[in-house]
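Chains as they are written, first to last, in this note's numbering: chain A, 1 to 371; chain B, 1 to 369; chain C, 1 to 246.
Positions of the beta carbon are idealized from the N, C-alpha and C atoms, including for glycine.
The model shown is predicted, which means the values in this text are computed figures rather than measured ones.
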Amino acid sequence: MRTLFFLLEKEFRQLLRRKSLLGMLIIAPAIQLIIMPLAADFSVKNVSIVVVDNDHSSYSQRLINKITAGGSFKLAGYVSSYKEALKMVEQDKADLALQIPVNFERNLARENSGKLFVAINAIEGTKANLGGSYLSGIVKDFDDEIRIEWTHDATVDAPQISVASSNWYNPFLNYNLYMVPAILVTLVTAMSAMQSAFNIVQEKENGTIEQINVTPIKKHIFIIGKLIPFLVLGIILFSLGLVLGRIIYHVVPVGSLIVLYGSLVVYLFAMLGLGLLISTYSATQQQAMSLSFFFINIFNMMSGVFSSVDSMPAWAQAIVQTFPPSHFIKIMRTVVLKGSGFSDISNHLIAITIIGLVLNTWAILNYRKTA
Amino acid sequence: MHSQLLTFIKKEFLHVFRDRKTLLMLFGLPIAQIVLFGFALSNEVKDSKIVVADYSKDATTQQIIAKIGSSKYFNIQQSLQSAQQLEAAFKKGDIKMAVIFPPNFGNNLQHTNKATIQVIADASDPNLATTVTNYVTNIINDYNSSLNNGNVQPLQITPEVQMLYNPELRGAPNFVPGVMALVFMLVCTMMTSVAIVKEKELGTMEILLVSPFRPIYIIISKLAPNLIISVVNLFIILILSSVFLDLQVKGSVLLLTFCSMLFILTSLAVGLLLSINAQTQESAMTASLMGMMLPTMLLTGFLFPIENMPIPMQVLANLVPSRWYFIIVKRVMLKGLGFEAVWKETLILAAMCVLLFTISLRKFKIRLQ
Amino acid sequence: MEKVIQTEKLTKRFGDFVACNELSFDVDKGEIFGFLGANGAGKTTAMRMLCGLLKPTSGKASVAGFDVFTQTEKIKMNIGYMSQKFSLYDDLTVSENIRFYAGIYGMKTKNIRTKTQELLNELGLQNEAKTLVSALPLGWKQKLAFSVSIVHAPDIVFLDEPTGGVDPVTRRQFWDLIYHAADKGVTVFVTTHYMDEAEYCNRVSIMVDGVIAALDSPVNLKKQFNADNMEDVFYQLARKAKRSDN
């Protein structure tokens with residue numbers, strides 16, 4: 001224990017002395033947390049639409065007005081042919097093209113049916129999904145509207161089931177509530193895994209690790225001494241993130257802080273284990289950077305921050321299960337938004353613990369004190 | 001001088017190829033990303049787990065539940081008995097929506113022709129909530145129409161929707177160009193800055209500088225391996241996405257290669273610039289990571305639509321080279337457009353490239369003399 | 001005389017390559033033992049085995065009475081080591097480095113304080129106690145590194161080319177420190193490329209191609225090889241070497 005004390009004293013001294021690194025470790029994530037939610041706004045506003053009105057009837061005019069008045073769509077322009085409309089989609093000037101065919105109104109009146117043609121740029125899936133469903137919602141409302149006018153009393157004789165929908169946990173559909181907890185996780189992830197890997201490899205490159213290796217320090221003590229400073233740093237960073245999220249984005253965790261911090265410690269244990277493992281496989285900082293970057297990049301993209309894990313095929317979901325951040329992101333989101341307790345998130349906690357044990361054991365076995 | 005330059009370039013290649021682990025990352029990352037992201041990432045919402053609470057338990061509710069259950073969008077997990085159970089199900093986090101039929105649902109529908117289904121969505125993810133609510137509403141509307149089967153609804157408008165370029169709403173078409181931008185940016189920026197700073201740290205830079213070797217050649221020899229690795233990566237990515245992801249280059253491969261080279265050079269220039277200011281590998285890495293990775297991920301447009309961002313961010317995004325490259329790749333590769341559709345973006349990239357190189361070369365010289 | 005290092009047919013193989021082939025020698029307590037050899041002769045490998053950093057392939061060896069196969073942790077408690085790579089922390093101050101190394105060898109806090117003061121006085125670094133090690137000149141760093149490596153009063157200290165790149169005056173001062181330590185009963189096991197330094201040793205062994213080609217006091221070696229100085233002795237032996245890393 002005394003040895004550990006001296007190791008920790010040394011690590012903290014070194015850490016505190018590197019003001020510029022420390023600044024980057026604290027300030028850079030803080031700035032990101034402030035800026036990222038601004039950018040990471042998946043809510044689809046202003047889908048731009050180009051309209052081809054071949055009918056020029058009162059109905060077609062009303063439909064177009066209804067579409068553009070709703071706030072979801074921005075009119076990119078009127079063109080005279082479907083081909084031109086498609087060209088605008090092609091050039092990214094519009095996300096969606098709507099064609100109202102000739103005799104739309106007349107067919108509706110005479111044959112009781114009318115067709116509309118919609119083409120959506122589906123490269124950005126979310127936008128396509130939402131744009132399409134906004135539009136069909138508006139068309140349906142319009143349809144109901146004119147039907148009531150036409151029949152004067154359409155709803156009486158036909159049985160009609162209506163849907164009353166409500167949104168729980170985030171009634172105003174505020175995207176920040178969803179993103180801020182996840183972004184905080186990615187920041188803690190990058191800091192913990194990478195910095196712990198660098199730190200150990202730095203001692204390798206400087207040759208000081210050789211000096212440590214001839215001393216009677218037990219390897220697990222040395223490793224614990226290396227990890228604790230980053231555990232502390234991770235907790236500080238996380239706390240800073242919570243405060244910033246609260247002040248700037250009004251993200252107030254519904255759940256208990258004990259659950260959040262308890263999970264954080266388990267999570268940091270796993271991620272620092274990964275950093276350690278990377279360091280045992282790297283001889284130079286460049287390698288450590290490459291390896292940790294590899295993992296962090298894949299974690300960021302696959303763990304559900306930017307795209308939904310539930311939409312992935314089963315095999316990919318199985319892989320994602322082995323990524324600690326995917327569990328911690330779920331924990332963060334449920335605890336912050338819904339106030340879930342330990343019992344609700346126990347599966348995720350157990351998963352992180354197992355992954356953490358595996359990574360740390362592997363790292364310790366692979367960390368050869370006898371070179 | 002040329003043979004000297006070749007010797008130096010050869011030395012740089014040896015550095016890169018000796019370090020197997022880094023090399024693995026350089027080529028492994030793009031491959032892993034293309035395969036994983038290409039196959040795994042999708043925006044399609046399907047098989048969402050939902051719960052149903054049926055307080056009426058009559059023929060109508062059974063029919064509707066069967067209809068919801070058989071849709072590809074939903075996967076009914078359990079039937080609920082109480083409100084507490086609902087709360088608990090949501091808190092575990094897997095359930096996206098609850099559909100609740102009030103008591104006497106079928107009765108009401110028969111006698112008053114009106115009945116209401118309550119739908120509660122977990123709106124933690126607002127887009128998902130909107131989408132699943134929409135889906136269930138559509139199913140109910142269909143059911144409504146089938147109720148009125150005998151008498152045709154008057155004035156039926158049916159939109160015929162066509163999803164262009166990416167009918168299955170796969171993530172790949174959006175992510176492949178994004179991955180390309182990300183990979184080139186990182187390989188070039190990070191590897192270049194670290195390679196140069198490493199020589200500074202080791203003191204070998206001084207040896208190079210006192211040698212009768214023009215500084216420009218040192219720079220060229222440092223940049224060459226990364227340029228070549230990136231071009232190889234470009235073709236790996238194109239081949240992989242064409243073979244595995246069924247995403248062929250619809251436009252001209254030559255044009256795409258040209259624009260990619262331009263972007264790669266721009267990224268190399270950024271790396272050069274970073275290396276001039278950094279003194280240690282650690283600071284070079286942290287700077288390229290914090291300084292480049294995040295802006296690239298955020299402001300390129302492949303994760304988040306730029307037009308949704310606040311105006312200052314949109315302005316900022318214009319300064320990020322990958323943003324322009326992303327547009328070019330989308331147009332040339334996915335939509336098959338020609339040079340006339342991307343000349344503006346290409347020009348911007350070229351201007352950035354020249355500007356960055358001029359600045360960093362000037363700064364590099366100042367440091368030497 | 002008490003033997004602090006004893007080896008018998010100590011061998012290390014890396015695949016087909018025999019880095020050290022059946023080394024057998026003893027080192028007495030308080031002796032300054034020079035360990036010479038051309039680059040690639042196997043010195044560093046031998047030293048790393050004795051320090052418990054590398055497991056020998058075969059043979060026997062004990063250091064400070066402990067077995068190099070089974071009791072490496074006990075060995076580490078009783079030795080000091082200074083590698084050819086500078087091994088203090090650049091971003092800690094002089095006294096922080098001393099405190100750290102003394103601490104991990106289990107010295108009492110009170111003793112650390114007196115020991116630090118003692119060391120600083122001995123090295124004439126009283127005014128530099130709060131200076132970052134990175135700001136010290138190389139010669140001072142090396143002297144400090146040596147003092148730190150024996151801060152816990154080990155039985156033996158291993159020095160791996162400790163004076164590389166240091167000016168002659170500082171080298172002289174460095175050897176004063178070594179003598180001073182040996183006087184206090186610390187056994188010094190040192191590798192070097194400087195032949196004048198070999199003359200300072202009580203006994204010298206010269207390794208060629210993984211085996212010990214000669215081992216005796218400098219006086220006897222010069223006699224044996226009919227040479228004027230150690231340089232000549234070394235040259236006669238080393239030029240027979242078949243392998244070298246150059």
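With the rule of 3 Cβ pairs closer than 8 Å, the stretch 119-133 of chain A counts as touching the stretch 94-111 of chain A. Residue environment for Arg203 of chain C: buried (at least 16 other C-beta atoms within 10 angstroms of its C-beta).
Under the three-state reduction of DSSP, Lys330 of chain A is assigned to helix.
Contact between Leu268 of chain B and Leu223 of chain B holds: their C-beta atoms lie close to 5 Å from each other, under 8 Å.
Listed along chain A, no residue sits closer than 8 Å to Ser56 of chain B by beta-carbon distance, the nearest being about 12 Å off. At least 8 Å separates the CB of Asp142 of chain B from every CB of chain A. In the structure shown, the three-state DSSP call for Ile217 of chain A is coil. Along the stretch 8-34 of chain A, going in chain order, the ones with a CB nearer than 8 Å to a CB of chain C are Glu9, Lys10, Arg13, Gln14, Arg17, Arg18.
Of the residues B:Leu109, B:Leu86, B:Val45, B:Ala32, the one whose Cα lies closest to the Cα of Val52 of chain B is B:Leu86.
If you check the CB distance, Thr130 of chain B and Leu130 of chain A come in under 8 Å. Taking 8 Å as the cut-off, the Cβ atoms of Phe12 of chain A and Val47 of chain A do not count as close. In the structure shown, Val204 of chain C falls within a strand segment according to DSSP collapsed to helix, strand and coil. Annotated as proximal: Thr45 of chain C and Ala19 of chain C, with beta-carbon spacing under 8 Å.
Within 10 angstroms of the beta-carbon of Lys57 of chain B lie fewer than 16 other beta-carbons, which makes it exposed. For the stretch 88-117 of chain A, the beta-carbon criterion of a distance under 7 Å to any beta-carbon of chain B is satisfied by Val89, Glu90, Gln91, Leu108, Asn112, Ser113, Gly114, Lys115, Leu116, Phe117. Under the three-state reduction of DSSP output, Phe302 of chain B falls in the coil class, being neither helix nor strand.
DSSP places Met82 of chain C in the uninterrupted beta strand (DSSP E) bounded by 79-82. Membership of Cys20 of chain C in the beta strand (DSSP E) is indicated by the continuous run 17-28. For Glu345 of chain B, there are no C-beta contacts with chain A under 8 Å, since the nearest C-beta of that chain is about 11 Å from it.
In the DSSP assignment, Asp196 of chain C falls within the unbroken alpha helix (DSSP H) covering 195-199. Taking CB atoms only, Asn366 of chain A has no neighbour in chain C less than 8 Å away. Under DSSP, Gln84 of chain B shares a beta bridge with no residue.
Taking a Cβ-Cβ cut-off of 8 Å, the neighbours of Ile120 of chain A in chain B comprise Val161, Gln162, Met163, Leu164, given in sequence order. If you draw a 10 Å sphere on the C-beta of Ser70 of chain B, you find fewer than 16 other C-beta atoms in it, and that means exposed. For the stretch 93-117 of chain B, the beta-carbon criterion of a distance under 7 Å to any beta-carbon of chain A is satisfied by Gly93, Leu109, Asn113, Lys114, Ala115, Thr116, Ile117. Close to Glu73 of chain C, with beta-carbon spacing below 9 Å, are these residues of chain A in chain order: Pro216, Lys218.
Taking 8 Å as the cut-off, the beta carbon of Ala314 of chain A is found no closer than this to the beta carbon of Ala40 of chain B.
In the displayed model, Arg18 of chain A falls within coil according to three-state DSSP, outside both helix and strand.
Phe74 of chain B places its beta carbon less than 8 Å from that of Ser48 of chain B. Proximity of the stretch 171-180 of chain A to the stretch 29-41 of chain C falls short of the contact definition, fewer than three beta-carbon pairs being nearer than 8 Å. DSSP links Thr11 of chain C through a beta bridge to C:Ser58. By the criterion of a C-beta distance shorter than 7 Å, Phe339 of chain B is surrounded in its chain by Leu255, once the five residues flanking it on both sides are discounted. Contact with chain A is absent for Ala53 of chain B, since none of that chain's Cβ atoms lies less than 8 Å from the residue's Cβ.
Of all residues in the stretch 63-91 of chain B, the ones placed with a Cβ closer than 7 Å to any Cβ belonging to chain A are Phe90, Lys91, in chain order.
Every alpha helix (DSSP H) stretch that sits fully inside the stretch 161-241 of chain B and reaches 4 residues is listed by chain position as 172-202, 204-210. Interface flag for Phe198 of chain A against chain B is set, since a Cβ pair is found closer than 8 Å.
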